[in-house]
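Please read the structure below before turning to the comments.
2 protein chains.
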Amino acid sequence: MNSERGFRIGLLGRGTVGAAFEALLPQHAARIESITGLRPSLSGVLTRSGGGSFEQVLERADLIVELIGGIEPARDYVLRAMRAGRHVVTANKQLLSRHGEELWGVARTEGVQLRFEGAVAGVVPVIRVLQESLAGARIDRVHGIVNGTTNFILTEMARTGASLAEALAEAQRLGYAEADPSEDLDGRDAAAKMAILARLAFDTPVHIDQVSYEGIEQIQPDDLEYARELGLGLKLIGTAERIDERLSVRVHPAFLYPGHPLASINGPFNAVTVQSPTITEITMSGPGAGGPQTATAVLGDVISAMIPPASTPAAEHALEIAQDVVSAFYLHLEVADEPGVLAQLAQVLALQDVSVKSVLQKGLGDQARLVMVVHPLLESRFQAAMELIAGLDVMRAPPRAIRVLEEEFG
Amino acid sequence: MNSERGFRIGLLGRGTVGAAFEALLPQHAARIESITGLRPSLSGVLTRSGGGSFEQVLERADLIVELIGGIEPARDYVLRAMRAGRHVVTANKQLLSRHGEELWGVARTEGVQLRFEGAVAGVVPVIRVLQESLAGARIDRVHGIVNGTTNFILTEMARTGASLAEALAEAQRLGYAEADPSEDLDGRDAAAKMAILARLAFDTPVHIDQVSYEGIEQIQPDDLEYARELGLGLKLIGTAERIDERLSVRVHPAFLYPGHPLASINGPFNAVTVQSPTITEITMSGPGAGGPQTATAVLGDVISAMIPPASTPAAEHALEIAQDVVSAFYLHLEVADEPGVLAQLAQVLALQDVSVKSVLQKGLGDQARLVMVVHPLLESRFQAAMELIAGLDVMRAPPRAIRVLEEEFG
């Protein structure tokens with residue numbers, strides 16, 4: 001690679017993730033150049049229908065992104081790319097869970113990087129954390145929800161009482177399940193991912209055939225209903241754990257009690273918990289699949305392969321620092337216990353466009369107080385209302401306010 | 001550095017984290033050698049009381065770990081180390097939030113790495129994720145709980161009704177708060193961390209003085225009590241967000257509704273959520289402080305500095321794959337609606353040492369069923385019990401079983 005021609009990326013496969021990657025790359029090329037010193041661009045794309053040859057794509061590339069999926073010809077291409085001295089980024093869990101040792105061995109021999117964050121839990125950075133952040137930790141257990149399709153289906157079944165077939169149809173309508181969802185439903189997709197995580201966490205080669213797995217095909221709506229009466233929620237859980245210096249890797253449906261950290265992971269999300277005596281545990285969660293999400297993970301890998309990382313780039317596109325922002329507030333008012341107080345306060349609040357969401361009236365006499373939550377507004381406006389309120393005769397003490405974070409997620 | 005003498009680490013400071021790092025390094029030296037090809041060792045330690053000089057420690061080191069804390073002499077040492085061509089790993093949030101631009105600039109000029117995962121949220125890999133995984137993403141917001149001391153105190157106040165002073169005393173007793181907790185309580189510690197996260201997420205230099213912050217000193221137990229009636233829980237929240245292409249960075253107490261992803265982060269834990277239109281959001285959580293935890297983050301940085309990462313090491317210490325493991329089970333039995341059925345089943349279960357934790361009896365006649373949860377036992381034993389049960393005359397259908405994950409966390 002040289003800086004005159006930038007950094008050339010050869011893309012194999014233009015499915016959902018490949019197309020998203022192709023769209024993402026030019027949007028971020030300038031920022032990537034400011035981080036790495038090289039401007040990345042797509043130098044070739046190999047598609048099943050589109051003509052061209054792998055040799056041509058390889059010849060013109062500094063790095064190969066493999067998003068074909070499946071075993072062959074993906075394995076052949078990845079091996080040939082590495083033997084030609086190219087770094088490879090892939091999201092191919094099937095390939096790594098069957099031929100990982102061969103591929104990692106060739107990467108070591110050839111001195112090239114083989115990166116695969118997108119193969120497990122999409123953009124949730126579990127691969128990087130196992131390979132880098134926790135490279136110095138002794139890990140006892142990695143477990144979590146690594147299949148978003150089944151997590152969506154189980155969430156829907158529990159929420160609506162739908163059958164598995166109905167929830168699957170809904171998942172397909174929303175793009176959370178493929179036309180042929182059998183590897184998701186029978187647990188094989190999750191088993192491939194757990195084989196990869198187990199390899200990294202325990203330095204132990206794990207082939208997908210060594211992972212025992214059960215899927216969710218046998219789950220009945222009434223299991224979910226009875227379980228709810230017992231206080232349980234259902235997830236498809238993958239586990240890799242050290243037991244008496246042996247390794248167990250498995251995937252199966254499991255009920256969780258509500259306090260469990262994975263119990264609140266709903267819909268198409270993934271979450272992985274890594275446990276180690278030194279660190280207790282780290283949990284990471286986020287969208288487990290999706291074209292743009294997985295393409296973002298692939299792009300992060302591409303950037304890492306372009307440079308030895310951990311350089312903080314110069315601040316070339318700095319933002320201005322803002323002061324006034326919008327917040328909701330909790331408001332605690334110690335007030336005189338007399339008629340008309342609430343009306344008087346409501347009037348002051350209305351003057352500043354402060355809109356009350358909920359209110360509690362507590363205590364009598366010297367203990368009388370109003371506690372309320374107001375809808376989001378500019379903090380400067382709220383401060384103005386607070387100053388007006390502080391000056392009212394009916395206040396027995398200065399008002400107290402604490403911000404309220406509204407739910408703005410998924 | 002050369003491979004004969006291994007990789008030499010000079011340690012500045014031997015407080016809680018420094019001592020934990022010194023203990024951790026030899027335990028993991030062999031594994032690190034198998035990843036990087038070089039065996040790391042401590043070549044010198046500089047302590048306030050212990051004699052020796054910075055020059056001596058620097059001379060004998062390939063990399064400097066700075067765990068002195070505070071501004072000077074930490075700043076001087078870090079600058080001199082980088083100008084002498086050494087990589088530096090630090091956990092010094094005060095230093096980075098005040099002199100980050102100077103330090104990052106020198107790191108770029110000198111072509112050395114300056115890593116600082118331990119400076120924010122301990123071993124929770126938020127720095128690495130912002131710098132590497134999401135280097136290709138446009139980030140809209142980073143927010144979370146980045147001070148474990150105040151999160152422990154607020155959790156205790158809500159749980160027990162304790163005053164702030166009582167909860168602080170408990171935190172100090174358990175080692176979650178320092179003798180002088182003022183920077184935790186007044187929000188300054190969290191503000192320093194948010195300045196660093198904002199710099200990385202938004203490519204914008206942020207000095208701690210540009211972060212508006214409020215602490216938890218003013219929080220009264222009755223605020224927590226009334227808020228609970230409104231369905232709210234209190235956290236100290238740090239936020240860095242893009243608002244109309246300006247940047248707001250702030251720290252303040254805030255109430256959360258129970259469905260909020262940060263609402264379930266309790267005790268001394270930290271959690272950070274990164275939001276971006278492409279990826280929706282990633283949340284990472286784990287212990288936010290503690291000597292061994294932060295030392296693990298420092299060690300991960302050291303390993304990354306030793307090699308361009310993303311090499312999957314050869315499997316030199318592979319584990320044997322285990323088959324039989326211990327699980328709890330949910331058991332769904334369609335049974336004849338006649339006297340003595342439960343007794344008969346209980347007898348079969350007892351024979352295989354299956355111990356029942358809870359049981360529901362549902363329906364009548366053709367709908368009669370027993371749903372139970374049994375305590376953890378070897379799966380092979382449970383399968384044997386299932387086979388016996390399947391053979392009983394009182395069963396109207398094959399038994400159905402689903403695993404139950406017990407809460408095994410903090």
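Sequence lines, in order, name chains P and X.
Residues in the first sequence are numbered consecutively from 1, following this note's numbering.
Residues in the second sequence are numbered consecutively from 1, following this note's numbering.
Note that beta-carbon positions come from the ideal geometry of N, C-alpha and C, so glycine has one too.
Please read these numbers as outputs of a predicted model, since none were measured by experiment.
DSSP, reduced to helix, strand and coil, places P:Y77 within a helical segment of the structure shown. The count of Cβ pairs closer than 8 Å, one atom from the segment 211-229 of chain P and one from the segment 187-201 of chain P, reaches three, so the stretches are in contact. The CB of P:K362 comes closer than 8 Å to the CB of Y226 in chain X, given here in chain order. For the segment 47-106 of chain P, the full-length alpha helix (DSSP H) segments reaching 4 residues or more read 54-59 and 74-83 along the chain.
Taking the Cβ atoms as the reference, P:K362 lies roughly 7 Å from X:Y226, within the contact range of under 8 Å. In the structure shown, X:L232 adopts coil according to DSSP, grouped into three states. Only residues of its own chain outside the window of five on either side were considered, and among them V348 and P399 have a CB closer than 6 Å to the CB of X:I389, listed in chain order.
With a minimum length of 3 residues, there is no unbroken run of beta strand (DSSP E) contained wholly in the segment 111-144 of chain P. The beta carbon of X:D337 is closer than 7 Å to those of L364, G365 and A368 in its chain, skipping five residues each way along the sequence.
When only Cα atoms are considered, P:S285 and P:A271 end up about 4 Å apart. Contact with chain P is absent for X:Y213, since none of that chain's Cβ atoms lies less than 8 Å from the residue's Cβ. Chain P places no beta carbon closer than 8 Å to that of X:S355, leaving this residue out of the contacts. Rounded to the nearest whole angstrom, the CA to CA distance from P:R60 to P:I71 is 24 Å.
The DSSP assignment places complete alpha helix (DSSP H) segments of no fewer than 4 residues inside the segment 316-399 of chain X at 341-351 and 379-390, in order along the chain. Within the segment 253-271 of chain X, the residues whose Cβ lies closer than 7 Å to any Cβ of chain P are, in chain order, P253, A254, F255, L256, Y257, G259, H260, P261 and S264.
For the segment 136-158 of chain P, the beta-carbon criterion of a distance under 7 Å to any beta-carbon of chain X is satisfied by G136 and A137.
Using a CB distance cut-off of 8 Å, P:H28 counts as an interface residue toward chain X.
Beta-bridge annotation (DSSP): X:S41 is paired with X:R8. For P:P253, the enclosing beta strand (DSSP E) has its first and last residue at R246 to L256. Under the three-state reduction of DSSP output, P:R242 falls in the strand class. Residues of chain X with a Cβ closer than 9 Å to the Cβ of P:Y176 do not exist; the shortest Cβ-Cβ separation is about 13 Å.
Looking at the DSSP output, X:T283 bridges to P:S285 and X:T273. In this structure, X:E101 places its C-beta atom within 8 Å of the C-beta atom of X:P205. By the criterion of a C-beta distance shorter than 6 Å, P:I64 is surrounded in its chain by G10, A81, R86 and V88, once the five residues flanking it on both sides are discounted. For P:D244, the number of other beta carbons within 10 angstroms of its own is below 16, and it is reported as exposed. Distance between X:I219 and P:P339, taken at the CA atoms: about 29 Å.
In this structure, DSSP gives P:Y226 a helical state, which the three-state scheme calls helix. For X:G233, the nearest beta carbon of chain P is not closer than 8 Å to its own beta carbon. Inter-segment contact for the segment 249-262 of chain P and the segment 192-204 of chain P is present: three or more beta-carbon pairs are separated by less than 8 Å. Of the candidates P:G122, P:G233, P:A198 and P:R14, the residue whose Cα lies closest to the Cα of P:P287 is P:G122.
P:S304 and X:I402 have their C-alpha atoms some 41 Å from each other. Beta-bridge partners of X:Y213 (DSSP): X:V251. In the structure shown, P:I153 falls within a helical segment according to DSSP collapsed to helix, strand and coil. Boundaries of the alpha helix (DSSP H) around P:R31: T16 to T36. Neighbours of X:P292 in chain P, taken as residues whose beta carbon is under 8 Å from its own, are T278 and I279 in chain order.
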